[in-house]
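Below is one structure, written out as structure tokens; the observations come after it.
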Amino acid sequence: GIFGIPLWVVSTVVFHFVLFGAIAQKMGLGKLFVDLSTVAAGRYAGGPAKVSVVSSALFGTISGSAVANVVSTGSLTIPNMKRLGYPGYFAGAVEAAASAGGQVTPPIMGAAAFLMATFLGLPYAQIAISAAIPAVLYYLAILIQVDLRAAKDGLQGMPPHLLPRMRDVWRKGWPFLLPLAVLIYSLFVLMVDADKAGLYSTAVIFLVGFLRKADRLDSRKVLAILKETGEGMLEIGVICAAAGLIIGIVILTGLGLTFSQALVNLSGGSSIVLLVLAALGAVILGMGMTATAAYLLMVILIAPALTQLGVKPLNAHMFVFYYAIMSFLTPPICLAVYAAASMAGADMMKTAYQAIKLGIAAYIVPFIFAYHPQLLLQGGVLDTLHAVLTALLGISLIGIGAEGYLFRDLGWFKRVLLLGGGLGALIPGLTSDLIGLALGLPVIAGEWRAWRNTRAKRD
């Protein structure tokens, strides 16, 4: 009913992290992440875009909201990208894609991840650890395309006088990192429950906020924090209360079993067909509701069918979770794209198309880890290491193929070979890896040789 598992998780676990995120934003942690990212990546080609990706990834570690991520980091990064020479639609797409990935970036991944841990009966730390490699692959694909676009358009890094000094950034910002360190240590070293880890880190960030002279938490900021926390909890709470009613109806009427069996019959017993149906369903549901609500409905109605066809429970839940959050990028709703496009003054549909291309890893990788749990860090060490290394190669090939540039523009045939090679490398297994290498590496070698010959003639 209303007071079921979803509302219990929200009131006992999610609350701490919503409060933590609200405090972090008011204390300027988003600005700190942008400054750190500028020091690390601003000097390189296409620097502002890389700063956007890195800062959004860092902000995603403390926030499970894609739109909040866009607003917090995009206000600084989008103008810098446009100033450097990136078109508005590309600047907005980079910020939207990078911010959407924040929901799958540990340690704080949003309300749906905490619900996932409860439904599966697993420690939240295990969910966060399992999400680490897919998150790395997601951001790597974006960075590769950003770098290639900078090379294609001849865009330079940020001028040295605009780069902050690492010493100054660290001196001003290191206290802000203490709460995040406490959170990570509590979750992954002490292995305490997520609600206790959230409580500890929230207490530390409050303490830091009151002790710092600069940007101290005054009564006005505290009231704003409480207001934002209340609004966030109200939104999530209403969704989860409604979801509790739906769960009760599904269980009491047996609708879940009936619907799952109907899906199995519709797919003809094929797990890949069912995965495609699940992906479409998650994206469609996400168009009209939040990612948390879409995830809950998909878990109730479709995840049992996936497990019935042999997909492991964690893999099935993570698959549904990924596609539920992709509604932030997928038209026509795509809230993260709307926010970023409005800030960039760009066409929404053009921005959305570019954001989908940048976030291509999120549409592909879930199909891989649905069958091969090594990418979720399940399995033996050697098998996992092999899967991770080949996945890094595969996502690199896919990034190059999606952007269509490597030293020079690539024709459609070479792009198809690179995309096919990337898929082959992503799928764990010696045969698929060899196929991926056979398709992708000749294109890479040929383009490098042509570039070297051109440069030699020019010299």
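Every number in this note's numbering is 2 more than the matching position in the sequence shown, counting from 1. Beta carbons: idealized from backbone N, C-alpha and C, even for Gly.
Your pair M320 and F371 checks out as a contact, with CB atoms roughly 7 Å apart and the cut at 8 Å. If you draw a 10 Å sphere on the C-beta of R218, you find fewer than 16 other C-beta atoms in it, and that means exposed. A distance below 6 Å between beta-carbons, with the five flanking residues on each side excluded, links I397 to the following residues of its chain, in chain order: L139, L142, A143 and A363. Just so you know, the alpha carbons of A100 and G49 end up roughly 15 Å apart. Around the CB of N267, fewer than 16 other CB atoms lie within 10 Å, so the residue is classed as exposed.
When secondary structure is reduced to three states using DSSP, D411 falls in the strand class. Measuring C-alpha to C-alpha distances from G159 to each of Y46, I429, L257 and G6 identifies Y46 as the nearest. If you look at P108, you'll find it isn't in any alpha helix (DSSP H); DSSP assigns it neither H nor E.
At a Cβ-Cβ threshold of 8 Å, A114 and T294 count as neighbours. K84 is classed as buried because its beta carbon has at least 16 other beta carbons within 10 Å across all chains shown.
In terms of Cβ geometry, V53 and T63 do not form a close pair [threshold 8 Å].
For the 8 Å CB-CB criterion, A98 and A338 form a contact. Apart from sequence neighbours up to five positions away, the residues of its chain that approach M111 with a beta-carbon distance below 7 Å are G66, Q105, A130 and A133, ordered along the chain. Assigned with DSSP and collapsed to three states, Q380 falls in coil, not helix or strand. The three-state reading of DSSP puts L165 in coil, since its state is none of H, G, I, E or B. One alpha carbon belongs to P368, the other to Y324, and they sit about 7 Å apart. Within the same chain, and ignoring the five residues on either side of A342 in sequence, the residues whose Cβ sits closer than 6 Å to its Cβ are V72, G76, G94, E97 and A98. Within the model, the alpha-carbon separation for V252 versus G246 is close to 10 Å. In the structure shown, the three-state DSSP call for R214 is coil. Boundaries of the alpha helix (DSSP H) harbouring Q310: A305 to Q310, taken from the DSSP string. Contact between the region 195–210 and the region 13–24 is present: 3 or more CB-CB pairs across the two stretches fall below 8 Å. The C-alpha of G424 is placed about 16 Å away from the C-alpha of L145. Distances from the CA of T120 to each of W10, P136, A280 and P177 were compared; the closest alpha carbon is that of W10. I402 and P181 have their C-alpha atoms some 38 Å from each other. Counting only the Cα atoms, P108 lies some 9 Å from A127. Between the C-alpha atoms of I238 and L122 there is a straight-line separation of about 20 Å. I207 and A70 have their alpha carbons spaced roughly 19 Å apart. Taking 4 residues as the shortest admissible run, the region 70–130 contains the following complete alpha helix (DSSP H) segments, listed from N- to C-terminal end: 90–102 and 113–122. Between the alpha carbons of R417 and L225 lies a distance of about 53 Å. In this structure A24 is not in contact with T255, their Cβ atoms being roughly 39 Å apart against a cut-off of 8 Å. Taking a contact as a CB-CB distance under 8 Å, the pair I135 and L377 counts as one, their CB atoms being some 5 Å apart. CA-to-CA, the gap between K459 and G103 works out to about 43 Å. The residues R45, in chain order, have a CB closer than 8 Å to that of P162 in the same chain once the five nearest residues on each side in sequence are set aside. A direct Cα-to-Cα measurement between P166 and G448 gives close to 40 Å. Looking at K314, G438 and Q356, the one whose alpha-carbon comes closest to that of G90 is Q356.
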